[in-house]
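In what follows, a structure is listed as structure tokens, so that the remarks can point back to it.
Residue numbers (the numbering used here): 2 to 140.
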């Protein structure tokens, strides 16, 4: 008993598991050869499917609710996409309205400038005629 324990204490026990074959580890050091290229494909998870559908609907990461990544359904994504579309439409409509307001204001300003100029020309013509009559009287 004691002799056996002393020998076991001196000799380290070999690790249990598969036998190490020479040159096998260096041959398959590249893990992609072992997995036959499967490492390039993403695992099909619910979260990745959620992100893929969100990208197809035109949603970005900042527009998604991070708390609903695992329990979200398609209706939630459709509502988010519809909200984004409505917001884009409203901002486009506001931009068009601002541009129209500026353009119509420009037209009104141009029209009033033309009216002022026409009025000034009319007053100048009247003044020339009036002064011409007055000068004619003093000749």
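The C-beta atom is built at its ideal place from N, Cα and C for all residues, glycine as well.
- Remark: fewer than three beta-carbon pairs, one from each stretch, lie closer than 8 Å, so the stretch 78-95 and the stretch 105-112 are not flagged as touching.
- By the Cβ-count criterion, residue 81 is buried, with 16 or more other Cβ atoms from all chains shown falling within 10 Å of its own Cβ.
- Relative to residue 75, the option among 103, 112, 45 and 53 whose CA is nearest is 53.
- The DSSP-derived three-state label of residue 74 is coil.
- Look at residue 66 here: in three-state DSSP terms it is coil, with no helix or strand label.
- Per DSSP, reduced to three states, the secondary structure at residue 123 is helical.
- Within 10 angstroms of the beta-carbon of residue 104 lie fewer than 16 other beta-carbons, which makes it exposed.
- The C-beta distance from residue 65 to residue 50 rounds to 13 Å, too long to fall under 8 Å, and the pair is not in contact.
- Within the same chain, Cβ atoms closer than 8 Å to the Cβ of residue 79 are found at 58, the five residues on either side in sequence being excluded.
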